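K.L.:
Before anything else, here's the structure in question.
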Amino acid sequence: MSVVVRRTIPQIIVALVIVLMVVFYFFYINADVSKGFTTADKALSDWAIVITAIAAIVGGIDILRYHVNQIRKREKRQIVFSCVVIVMEIVMVLLACYALYSGIAITTQPNFQWLYTYLYAPADAAMYSILVFYIASASYRTFRARNPPAVLLLIVAIIVMLGNTSLGAMIWEGFLPLRDWIYNVPNTAAFRPITMGIGFGLIILGLRLIIGKETTWMGRRE
Amino acid sequence: MSGKLKALIAFAIFIVLLIVVAVSYYQNLGIISSGRNVAFVLLLILFLAGYSFIGTAKEGKTIPVRKIAAFDAIEEGIARSVELGKPVHFTLGYGPISTVNAPQYLAGLGVLGHVARLCAKYGAPLISTLGVPELIAAEEEIIRDAYYSGGKPELYNVTYNVRYLTDQQFAYASAVQATLHRENVGANIVVGPFWAESLIFMEAGAAIDAFQVAGTARETQIPFFVLAADYAFIGEEIFAAGAMASGDIETLASIRGQDFGKLISWILIVVGLILLPVGIKLAEYLVK
Numbered sequence: 129m130s131v132v133v134r135r136t137i138p139q140i141i142v143a144l145v146i147v148l149m150v151v152f153y154f155f156y157i158n159a160d161v162s163k164g165f166t167t168a169d170k171a172l173s174d175w176a177i178v179i180t181a182i183a184a185i186v187g188g189i190d191i192l193r194y195h196v197n198q199i200r201k202r203e204k205r206q207i208v209f210s211c212v213v214i215v216m217e218i219v220m221v222l223l224a225c226y227a228l229y230s231g232i233a234i235t236t237q238p239n240f241q242w243l244y245t246y247l248y249a250p251a252d253a254a255m256y257s258i259l260v261f262y263i264a265s266a267s268y269r270t271f272r273a274r275n276p277p278a279v280l281l282l283i284v285a286i287i288v289m290l291g292n293t294s295l296g297a298m299i300w301e302g303f304l305p306l307r308d309w310i311y312n313v314p315n316t317a318a319f320r321p322i323t324m325g326i327g328f329g330l331i332i333l334g335l336r337l338i339i340g341k342e343t344t345w346m347g348r349r350e
Numbered sequence: 164m165s166g167k168l169k170a171l172i173a174f175a176i177f178i179v180l181l182i183v184v185a186v187s188y189y190q191n192l193g194i195i196s197s198g199r200n201v202a203f204v205l206l207l208i209l210f211l212a213g214y215s216f217i218g219t220a221k222e223g224k225t226i227p228v229r230k231i232a233a234f235d236a237i238e239e240g241i242a243r244s245v246e247l248g249k250p251v252h253f254t255l256g257y258g259p260i261s262t263v264n265a266p267q268y269l270a271g272l273g274v275l276g277h278v279a280r281l282c283a284k285y286g287a288p289l290i291s292t293l294g295v296p297e298l299i300a301a302e303e304e305i306i307r308d309a310y311y312s313g314g315k316p317e318l319y320n321v322t323y324n325v326r327y328l329t330d331q332q333f334a335y336a337s338a339v340q341a342t343l344h345r346e347n348v349g350a351n352i353v354v355g356p357f358w359a360e361s362l363i364f365m366e367a368g369a370a371i372d373a374f375q376v377a378g379t380a381r382e383t384q385i386p387f388f389v390l391a392a393d394y395a396f397i398g399e400e401i402f403a404a405g406a407m408a409s410g411d412i413e414t415l416a417s418i419r420g421q422d423f424g425k426l427i428s429w430i431l432i433v434v435g436l437i438l439l440p441v442g443i444k445l446a447e448y449l450v451k
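Quick look at the structure:
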């Protein structure tokens, strides 16, 4: 594939989309032009949705390719999981096709819905709930009074934790207002510069993309 | 086109747009959307500053750029993995690319390129997991390029190196966790937009004693990475990392534009504080 197709055209598309987005956001001109901007903006978003939908198919094929490969290689630790993934992927696709054949929305197909509600959703929720144990273990590792900043972090963490529980209010009523002050004053003061820095980083990244200086996302081969 | 001519054109565009904003504001023409005049001028100033720093670097002048510890630590992590005979893991997030998080995915790809080149240099196997279907091809391309240009084509195996998991949050989180444990990785590099799964990755990495470098521009997840990872990119540093990964002095010089933006914001904050006691609220003027 030529350099023009592999590098130049994607760079031009990216630069053009960024410039268009800036124009759509900042320029008004008059009511008619503004309406045109909104329509064009919506069209770009719709293209993105179409690309995402097609990419999802590529993703499905990629998952299948990986797990078929694992079964072929007879990877002992992976083979059972790979079989489950392949079976579930095929079943879900077949049920979705059957829903389309029946003329109903995929998500309302009873078997599809059952698998989603009673298999996927509980597993998803379980994974989310595991997070609480990770928070506990991370807190244990982090809140050790090794040096002065760590001691400060530990003290603040204790105040915030007590401020969040009824036990804290029972010990001292001042924990709740102190927690709110920590959230609203030092916490906000620390976060604002980070937020502004992210904004500046995005602007300069945008500039690099417009002038074709940011090419790391395309690989380097010429 | 010569560099000076390009700079002149850029400056001319800047002046013309500045005049458009001024005329639109004072004549009430409404060319610029209401409340976005100052923001647009600031955007133009930052673009011009970034561009002029790039131009200065092009002329051969050295632009000092601050070091980012997390960026330098990536090489340490990969070298450590090679010593231990373990693979390197990289992940950049999940979900559709057509959201406000797209720049973070791009930044993540920049870091992936750097990681892949280092893996090729040290002969380390790289596993890159992702939950963004639009980026599968880009990742394959980046990793292949790195291994081929690094003289290690035998290490490139598409089904091993690039693993698309899913675009569903906790399914992706559990799959990444499983990959970390089953492959027993030596270094876990996590750069991109992350949500609740950030801590899951960090704790899974800590459980297998992996060297961890993490970064995100999502404010709510930065504390988790700062506390749980060995090194962390904080906010805008992930965008700077992309420029650093390029190894190009001109691209690197653009980072000074970010710092220039911070200087402007500092000045605005100080001026705002000075004006506040005399009853002038600068913030109100900035959104006119």
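Sequence lines, in order, name chains Z and V. All the letters of the first sequence, read from the start, carry residue numbers 129 to 350 under the working numbering. All the letters of the second sequence, read from the start, carry residue numbers 164 to 451 under the working numbering. Cβ atoms here follow ideal geometry from the backbone N, Cα and C, with glycine treated the same way. Note that this is a predicted model, so its numbers are computed, not measured.
(1) Taking any Cβ of chain V, which residues in the stretch 296 to 309 of chain Z have a Cβ under 7 Å from it, in chain order?
(2) Excluding the 5 residues preceding and the 5 following V:P266 in the sequence, name in chain order all residues of the same chain whose CB lies nearer than 6 Å to its CB.
(3) Give me the DSSP bridge partner(s) of V:A446.
(4) Short of 8 Å Cβ to Cβ, which residues in the stretch 204 to 222 of chain Z face chain V?
(5) Which residues in chain V have a C-beta closer than 8 Å to the C-beta of Z:F154? List them in chain order.
(6) Assign V:I437 to one of three DSSP states: helix, strand, or coil.
(7) Are the beta-carbon atoms of V:Y268 and V:L255 separated by less than 9 Å?
(8) Using only CA atoms, which one of V:Y327, V:L293, V:L449, V:S409 lies nearest to V:V354?
(9) Where do the ends of the beta strand (DSSP E) carrying V:Y257 lie?
(10) Report the three-state DSSP secondary structure of V:V263 (helix, strand or coil).
(11) If you pair each beta-carbon of the stretch 325 to 338 of chain Z with each one of the stretch 207 to 217 of chain V, do three or more pairs fall below 8 Å?
(12) Measuring only the C-alpha atoms, how far is V:T322 from Z:L192?
(13) Going along the stretch 388 to 405 of chain V in order, which residues come within less than 9 Å of chain Z, judged by CB to CB distance?
(14) From V:I299, V:W358, V:T342, pick the residue whose C-alpha is nearest to that of Z:D190; which is it?
(15) To which residues does DSSP link V:T292 through a beta bridge?
(16) Where Z:E350 and V:L343 are concerned, what is the direct C-alpha to C-alpha distance, given to the nearest angstrom?
(17) Counting contacts by CB-CB distance shorter than 9 Å, is V:Q331 in contact with chain Z?
(18) Identify whether V:A377 lies in helix, strand or coil by the three-state DSSP scheme.
(19) Under a three-way DSSP split, which group does V:F396 fall into?
(20) According to DSSP, simplified to helix, strand and coil, what is V:S350?
(21) For a test of the three-state rule: what should DSSP assign to V:I241, helix, strand or coil?
(22) Using a Cβ-Cβ distance cut-off of 9 Å, determine whether Z:Y311 contacts chain V.
(23) For the stretch 149 to 157 of chain Z and the stretch 189 to 209 of chain V, state whether three or more C-beta atom pairs, one from each stretch, are separated by less than 8 Å.
(24) Check for me: the alpha helix (DSSP H) holding V:L318 runs from which residue to which?
(25) Short of 7 Å in beta carbon distance, which residues of its chain neighbour Z:Y334, apart from the five on each side in sequence? Order them along the chain.
(26) Quick one: measure Cβ to Cβ for V:F253 and V:I352, integer angstroms, because I've assumed they're closer than 8 Å.
(27) Can you give me, in chain order, the residues of the stretch 322 to 341 of chain Z that have a beta carbon less than 9 Å from any beta carbon in chain V?
(28) Using a Cβ-Cβ cut-off of 8 Å (strictly less than) and excluding sequence neighbours within five positions of V:I371, which residues of its own chain qualify?
(29) Write down the C-beta distance between V:G273 and V:A185 rounded to the nearest angstrom, noting that I regard them as a contact closer than 8 Å.
P.N.:
Reading from the atomic positions:
(1) none
(2) The count along the second sequence starts at 1 and reaches residue 266 of chain V at position 103. No residues qualify anywhere along the chain.
(3) Locating residue 446 of chain V in the second sequence gives position 283, counting from the first residue. Answer is none; V:A446 lacks a bridge partner.
(4) R205, Q206, F209
(5) Translated into positions along the first sequence, residue 154 of chain Z becomes position 26. Under the 8 Å cutoff, chain V gives I195, S196, R199, A202, F203, L206.
(6) Start at 1 with the first residue of the second sequence, and residue 437 of chain V comes out as number 274. Three-state DSSP puts V:I437 in a helix.
(7) By 1-based counting over the second sequence, the position of residue 268 of chain V is 105. By 1-based counting over the second sequence, the position of residue 255 of chain V is 92. Yes, the Cβ-Cβ distance between V:Y268 and V:L255 is below 9 Å.
(8) Here the question's residue 354 of chain V lines up with position 191 in the second sequence. Selected option, being the one with the closest Cα: V:L293.
(9) Here the question's residue 257 of chain V lines up with position 94 in the second sequence. Looking at the DSSP string, the run of the beta strand (DSSP E) that includes V:Y257 is 251 to 257.
(10) Here residue 263 of chain V refers to the residue found at position 100 when the second sequence is read from its first residue. The answer is coil: DSSP assigns V:V263 none of H, G, I, E or B.
(11) yes
(12) Here residue 322 of chain V refers to the residue found at position 159 of the second sequence. Here residue 192 of chain Z refers to the residue found at position 64 of the first sequence. V:T322 and Z:L192: Cα-Cα distance of roughly 10 Å.
(13) L390, A391, I397, G398, E399, E400, I401, F402, A403, G405
(14) Sequence index remark: in the first sequence, residue 190 of chain Z carries index 62 (1-based). The option with the nearest alpha carbon to Z:D190 is V:I299.
(15) Residue mapping note: residue 292 of chain V aligns to position 129 of the second sequence, counting from 1. DSSP lists V:T254, V:R326 as partners of V:T292.
(16) The residue you call residue 350 of chain Z lines up with position 222 of the first sequence. The residue you call residue 343 of chain V lines up with position 180 of the second sequence. Because Z:E350 carries a pLDDT of 48, less than 50, the predicted location of this residue cannot be relied on, and the following value inherits that uncertainty. Near 33 Å, if we compare the C-alpha coordinates of V:L343 and Z:E350.
(17) Counting from one through the second sequence, the residue named residue 331 of chain V turns up at place 168. So yes, V:Q331 belongs to the interface.
(18) Walking along the second sequence from the start, residue 377 of chain V turns up at place 214. Strand, per DSSP.
(19) As a first step, residue 396 of chain V must be located in the second sequence, where it is residue number 233. Looking at V:F396 - three-state DSSP - the assignment turns out to be strand.
(20) Position 187 of the second sequence, counted from the start, is the residue given in the question as residue 350 of chain V. Reading off the sequence shown, one finds Ala at residue 350 of chain V, where the question assumed Ser. In the structure shown, V:A350 sits in a strand (DSSP, three-state: E or B).
(21) Locating residue 241 of chain V in the second sequence gives position 78, where the first residue counts as 1. Correct three-state label for V:I241: helix.
(22) The count along the first sequence starts at 1 and reaches residue 311 of chain Z at position 183. Chain V contact via Cβ: absent.
(23) yes
(24) What you label residue 318 of chain V is simply residue 155 of the second sequence in a count that begins at 1. Counting along the chain, V:L318 falls outside any alpha helix (DSSP H), and DSSP gives it neither H nor E.
(25) As a working mapping, residue 334 of chain Z is identified with position 206 in the first sequence. With the sequence shown as reference, residue 334 of chain Z is identified as Gly, and Tyr is not the correct amino acid for it. So the qualifying residues of the chain are I146.
(26) Against the second sequence, residue 253 of chain V aligns to sequence position 90. Against the second sequence, residue 352 of chain V aligns to sequence position 189. Yes, V:F253 and V:I352 are in contact; Cβ-Cβ is about 5 Å, under 8 Å.
(27) I322, T323, M324, G325, I326, G327, F328, G329, L330, I331, I332, L333, G334, L335, R336, L337, I338, I339, K341
(28) Position 208 of the second sequence holds residue 371 of chain V. L343, H344, N347, V348.
(29) The residue you call residue 273 of chain V lines up with position 110 of the second sequence. The residue you call residue 185 of chain V lines up with position 22 of the second sequence. About 37 Å; that fails the 8 Å criterion.
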